[in-house]
Each structure stands twice: as structure tokens, then as C-alpha cells.
DNA sequence: CCGCTGGATAGGATTTTACGATGCTGCGCT
DNA sequence: AGCGCAGCATCGTAAAATCCTATCCAGCGG
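Protein chains in written order, with this note's numbering: chain R, 218 to 519; chain X, 218 to 519.
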């Protein structure tokens with residue numbers, strides 16, 4: 218248990234600097250008896266007489282006091298540095314931001330977001346992480362991330378959600394599929410086709426809900442948690458898929474041609490949002506990044 | 218002005234270490250609401266949320282909190298180190314002692330005193346200084362010295378004095394002086410001899426007082442603040458002197474023979490003492506050295 | 001000897017810190 | 001599904017710390 222306070226150290230060092238209790242009192246804007254008592258108490262608590270009192274002539278450090286005071290000043294600056302850093306961390310836009318992103322969203326949006334934000338605020342560094350929705354939730358709740366970029370689907374109550382933009386899901390077909398003739402694909406047309414499901418929460422429930430809302434029971438032929446594996450499977454002609462994320466270039470990793478078609482029906486759009494733990498008080502850095510994301514997607518859309 | 222206390226930091230770090238307020242409470246022996254309130258206040262004062270609260274599952278640091286806590290732990294160990302050092306400085310026999318000595322006493326006694334003390338307490342270092350009585354007083358009052366070794370003559374009221382030993386003053390004569398025939402020299406025999414005065418306070422008044430008490434008005438032919446210069450002057454046959462300090466070997470620096478004779482009269486002895494500022498609370502190191510000096514002179518005399 | 005300077009003390013108001021008791025909420029067990 | 005448990009927050013209150021104003025007291029200088 219510590220037996221002295223930073224306040225006491227602060228006062229003692231000020232008395233040292235000014236050579237007298239009275240001078241320190243004037244300089245600190247604290248009553249002289251306050252300093253006198255504080256010093257007496259500090260001396261009692263550390264069991265060391267710090268100053269020699271000269272009547273009407275101030276005080277001077279004792280030999281042992283001198284050693285304490287030198288060290289005490291170090292401690293004081295240490296404490297002041299910490300305070301400065303922390304006040305800055307709460308109010309300035311600098312330091313580290315921990316951003317997590319849903320795996321399929323990250324590649325398209327995180328790099329440009331970071332690029333534009335850090336060029337506005339060069340003193341900011343951003344740590345990135347990816348994961349499934351559950352991992353993002355866990356990370357936010359566990360304090361691993363400040364913010365998470367994800368789809369606004371099945372969000373628990375303890376998060377705040379800031380919608381950024383939305384995308385209509387599309388049908389993904391093998392390049393040579395007969396339905397590629399259609400400009401827009403009605404969901405009923407997929408009724409009997411084999412379905413390749415992107416199997417990550419919450420995408421899984423989102424996609425099946427779209428189909429079931431249209432009265433279709435999807436025939437899940439394959440499923441994978443990897444977007445690129447799903448695209449590869451479709452490319453191989455093993456079925457169709459319904460996706461929101463649309464990488465640049467309509468080819469799978471293996472090179473097969475893919476066809477992307479809008480859905481003719483009115484369907485629930487995939488809403489990309491920024492989530493934060495509701496109970497977390499946001500630092501200015503976090504708020505600034507949040508605002509930046511909103512801006513970014515507004516200007517991208519326009 | 219610092220906006221947080223070491224106590225708050227201590228508690229916050231403990232909460233971090235134990236993963237929950239309740240666990241920290243049990244470990245610190247402090248009521249849980251106390252920690253809870255202390256933490257809330259700290260968070261408010263530094264403007265940062267440090268922990269995320271999990272209902273019935275403890276707390277975990279937020280991303281920003283983690284950075285604070287890491288730094289805070291450094292500060293805490295810094296503060297604890299300082300406290301440990303200072304408690305040790307007050308109670309253990311280690312660290313630095315600042316010892317001043319009256320110039321003529323130093324050469325004979327300071328080296329053996331230090332030798333014996335540091336061999337008993339190897340962790341002690343001793344800084345030495347020499348000076349005239351006035352310089353010793355000033356240094357003690359100004360906090361430059363812990364203790365001063367001096368003659369107990371004309372001591373102001375604001376010092377404590379610990380007598381260590383005493384020496385009878387002696388008459389110093391040129392080697393060939395006619396009075397060297399006497400085994401003891403009565404002071405009246407010096408009545409018309411030229412006197413060489415060791416002119417340092419308080420020796421000056423001490424020696425003249427001895428002579429005047431015997432009804433003699435000394436004929437001061439020469440005076441010098443240096444013991445060895447006085448001995449040299451006597452060696453040259455320029456007069457006699459009265460001294461207390463008696464170096465080994467009865468020759469001056471220049472090599473002239475000197476004769477030392479006891480004083481036949483009953484005279485005031487020169488009392489060597491250890492002085493400290495009365496208002497100074499003594500550290501254990503200072504007390505130990507004081508006790509050692511008393512011991513040392515008791516055994517030397519025996 | 002008197003006034004000035006500067007530290008210590010006294011008394012009292014305010015703030016802080018601590019406690020016990022209790023409330024509230026999510027998790028896990030039955 | 002409900003219930004108990006775990007764990008943080010809140011409330012009320014007592015004790016302690018902090019700070020203020022007013023005053024005292026001791027050296028020093030004129």
C-alpha cells in the first residue's frame with residue numbers, strides 16, 4: 218500500500234523549487250498552511266525529514282531529503298506524462314485504433330478507409346483484425362476492438378450500429394448458365410437449381426431468409442465459409458449462389474468465368490454498418506473514425 | 218495539477234490483474250464498492266473508459282484502457298520503488314551520510330572512524346567535508362551535512378552535541394627552548410614569551426581564554442589559521458603555542474624539532490564532539506554513526 | 001525594540017474515501 | 001422456463017483527509 222500521494226509529492230517538489238513554503242503557496246495558488254500540513258504529513262509518512270526550517274527564511278532540503286526530492290521529481294514528471302498522454306488519448310485524434318471487419322467486407326473497404334483516414338490524421342495508427350460475426354462480437358465485448366465493420370444483421374442489443382451503405386444481393390451464376398440470358402433473375406427461376414451457400418453467420422441466415430421469403434426452399438448442394446471457395450464452386454458449374462460482396466472482375470480464383478445478375482424481386486438489402494459496444498464511452502479518435510466512415514460511404518455512393 | 222491519485226492507479230491495476238472488481242476487492246482487502254467508485258472516478262477524471270463491464274463476469278480492459286494500464290503499472294512500480302528506497306533510507310543503515318569535520322580534527326580521526334563504520338555497514342557511503350566552525354554551523358543549518366565533528370566550544374543553542382572524548386591542551390615549544398627542561402610547564406612561565414596563535418574560531422577564543430584564566434595576557438607575535446603553519450613558526454623559534462591537536466611525530470613540515478609539554482595548571486580540556494542540527498529528525502543511519510563514534514572513542518581511550 | 005517575513009497551529013467547512021446493505025442483470029443449472 | 005449465483009452499481013453514512021481563514025510565534029534587520 219502506498220503511503221504517500223502524488224499531491225504531496227507535487228507540493229514538496231514545489232516547495233523545493235521555490236525555497237520556501239510561502240513562495241510555493243503563492244505560486245501554486247494554495248494556502249500556505251495547506252502546504253505546511255501536507256509537507257509535515259509526507260515527512261511523517263515516509264519517515265524522513267525532508268526540509269530544515271529556517272525561521273522567516275524559508276526552508277532548505279536536508280541531505281536525505283535532497284535524494285528523495287530528486288527521485289520524487291522524476292516520479293512527478295512520470296505521472297504528468299501519463300496524464301498528458303491519457304488526456305490526449307481521450308481528446309486528440311491520435312494514437313491507436315483497433316478496427317475489426319467482417320471477413321468478406323474487409324478487402325473492399327478497409328484499405329481505402331484507412332488510407333483516407335490516416336492521410337487526414339497522420340498520428341493515428343490502425344490495427345486491423347478480421348473475423349466472423351461472432352468473433353467480432355466477442356472481440357468488441359472483450360475490448361479487443363474499438364469498432365467493427367459488419368453487416369447489420371442479427372445485431373444483439375448491446376451494440377450501437379451506424380449504417381454506412383447498403384448493397385442489393387445478387388445472383389451468381391456460372392458464366393455459361395442458361396439464366397445468364399436474363400438481365401434480372403427472378404428468384405423463382407432458381408427454384409430447382411442447386412444452391413451454393415456462403416456459410417458464415419450471419420450471411421447464412423440472411424441468404425436463406427431471402428430465398429424463403431420468396432417461397433423457395435433452397436437446395437443446398439454445397440456450403441463453405443469462404444467467399445472465394447463459393448465463387449469457385451459456382452465457377453465449376455456446381456450451382457448458383459446469392460451474395461452481396463462483389464469483387465472486381467467476374468472470375469473465380471481459378472479463372473472460371475462468372476456471371477452476376479441483379480435479383481428481379483424486391484429483396485432485403487445487405488446493410489454494411491459500423492458497430493461499437495453500446496456501453497463503451499467513445500474516445501475522440503473513435504468518434505472521428507466513425508464520422509469518417511459515414512462520410513466515406515456517402516461520397517462513394519454519390 | 219494532477220487529476221488522478223496513486224491510490225486510483227493502484228486499484229485500477231489491481232482490477233486489471235484480477236480480471237474483476239470483486240477479485241481485486243478480496244485481494245486488496247478493500248470493499249468492492251470502494252473499488253467500483255474509485256474506478257468510475259478515475260475514468261471520469263482522465264476522460265477514458267478503462268474497462269468494459271461484463272455482467273456477472275468481471276471486467277476487461279478496453280483498447281484505450283489497455284494502453285493506459287500498461288503505462289500506469291510502470292508509474293506504480295516507480296512509486297513503489299521510491300517508497301521502498303525512502304523507507305529504507307529512514308530505517309536501514311545504508312545510503313549516504315554527509316559528515317563534516319573541523320579542519321584540525323579531521324586528519325587524525327575521520328579516516329579510522331570511516332574505516333571502522335563502513336566495514337560494519339558496507340552499504341554506506343560517506344561524503345566528507347572540512348571547514349571552520351562557522352562553516353560547519355552553516356552547513357548543518359543549510360542541510361549540507363548530517364553531522365559535524367568539532368570542538369564543543371561556543372556551540373549555539375540550535376545544535377545537539379554529543380561529547381566523544383577530550384584532550385588536555387599542551388604547550389608547543391621550539392625543540393631547543395629553555396623551558397623544554399621542564400616536564401610540565403606552568404602557564405606563568407610563558408608570561409613574557411611571544412605567543413603564536415592558532416587563529417580559527419573557536420580555537421582562538423579557547424586558547425586565549427586558557428591563558429587569561431591563568432592571569433596571562435598573551436603577547437601574540439604571530440597568528441595563522443593553519444595548524445601546520447603555527448607549528449612551523451614555533452619550529453623556527455618565533456614563539457610558543459598552545460594546542461590540542463597533536464600530530465604524530467614532533468617535527469614541523471619543514472623538519473624542525475618541536476617539543477610538546479603538558480600544562481602544569483589545571484586547564485579546560487578540549488572536548489571533541491559530534492554536532493547535529495537539533496531540529497533534524499535523525500535517520501537510522503545518522504543515529505548509527507553517532508553511536509559508532511561514541512563507541513569508537515570509548516574503546517580508543519581504554 | 002519594532003516591524004517584517006515566513007513557518008506552525010487552531011478551528012471549521014468541504015471533499016474524499018471507505019464501509020455495509022441492497023439493487024440489478026446476465027449466465028448457467030436444474 | 002425459472003431460479004440461484006456471480007459480480008458491478010448505487011445508496012446512505014461515518015470517518016478521514018484536505019483546504020481555507022485567522023492567528024500565533026520566532027528570527028532578522030532596521
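Cβ atoms here follow ideal geometry from the backbone N, Cα and C, with glycine treated the same way.
Looking at the DSSP output, residue 468 of chain X shares a beta bridge with X/474. Residues of the same chain with a CB within less than 6 Å of the CB of residue 437 of chain X, apart from the 5 flanking positions on each side, are 412 and 414 in chain order. Taking C-alpha positions only, residue 357 of chain X is separated from residue 264 of chain X by approximately 48 Å. By the neighbour-count definition (other C-beta atoms within 10 Å, threshold 16), residue 338 of chain R is a buried residue. In the DSSP assignment, residue 347 of chain R is bridged to R/318. Straight-line measurement puts the Cα of residue 515 of chain X at about 33 Å from the Cα of residue 452 of chain X. Residue 461 of chain X counts as buried, since at least 16 other C-beta atoms from the protein chains shown sit within 10 angstroms of its C-beta. Remark: fewer than three beta-carbon pairs, one from each stretch, lie closer than 8 Å, so the segment 420-434 of chain R and the segment 392-399 of chain R are not flagged as touching. In the DSSP annotation of this structure, residue 309 of chain X is not part of any alpha helix (DSSP H), being labelled neither H nor E. Neighbourhood of residue 279 of chain R in chain X, by CB distance below 7 Å: 360 and 497, in chain order. For residue 486 of chain R against residue 385 of chain R, the beta-carbon gap comes to about 5 Å, under 8 Å, which counts as contact.
Here residue 433 of chain X carries a coil assignment [DSSP, helix/strand/coil]. With a threshold of 8 Å between beta carbons, residue 303 of chain R makes contact with chain X. Counting only runs of 3 or more residues that sit fully inside the segment 369-421 of chain X, the beta strand (DSSP E) segments are 376-384, 387-391 and 411-415, in chain order.
For residue 295 of chain R, the nearest beta carbon of chain X is closer than 8 Å to its own beta carbon.
Rounded to the nearest angstrom, the Cβ distance from residue 369 of chain X to residue 490 of chain X is 4 Å, consistent with a contact under 8 Å. Looking from the CA of residue 381 of chain R, the closest CA among R/342, R/237 and R/511 belongs to R/511.
Judged by DSSP in its simplified three-state form, residue 265 of chain X adopts coil rather than helix or strand. Here residue 221 of chain R is actually not in contact with residue 256 of chain R; their C-beta atoms are around 11 Å apart, not less than 8 Å. Residue-level contact by beta carbon holds for residue 269 of chain R and chain X, with a gap shorter than 8 Å. Following the DSSP letters along the chain, one finds residue 336 of chain X inside the alpha helix (DSSP H) bounded by residues 323-337. When DSSP states are grouped into helix, strand and coil, residue 270 of chain R belongs to the strand group.
Of the other Cβ atoms in all chains shown, 16 or more fall within 10 Å of the Cβ of residue 435 of chain R; this residue is therefore buried. No Cβ of chain X is located within less than 8 Å of the beta carbon of residue 459 of chain R.
Boundaries of the alpha helix (DSSP H) harbouring residue 452 of chain R: 444-452, taken from the DSSP string. With distances taken between CA atoms, residue 497 of chain X lies nearest to R/280 out of R/280, R/331, R/450 and R/466. If you ignore the 5 residues before and after residue 344 of chain X, its C-beta comes within less than 8 Å of the C-beta of 313, 314, 315 and 316, all in its own chain and listed in chain order. In this structure, the straight-line span from the alpha carbon of residue 470 of chain R to that of residue 445 of chain R is close to 7 Å. Excluding its 5 nearest sequence neighbours in each direction, residue 447 of chain R has C-beta neighbours in its own chain below 6 Å: 413, 415, 441 and 458, listed in chain order.
With a threshold of 16 other beta carbon atoms within 10 Å, residue 272 of chain X falls short and is exposed. Taking 7 Å as the upper bound on Cβ-Cβ separation, chain R lies near no residue of the segment 334-348 of chain X. The alpha-carbon separation between residue 325 of chain X and residue 464 of chain X amounts to approximately 7 Å.
With respect to residue 290 of chain X, residue 375 of chain X sits apart: the two C-beta atoms are not nearer than 8 Å. In the three-state scheme derived from DSSP, where H, G and I count as helix and E and B as strand, residue 282 of chain X is classed as helix. In chain order, 444 and 462 place their CB closer than 7 Å to the CB of residue 321 of chain X, counting only its own chain and leaving out the 5 sequence neighbours on each side.
Taking 8 Å as the cut-off, the Cβ atoms of residue 500 of chain R and residue 307 of chain R count as close.
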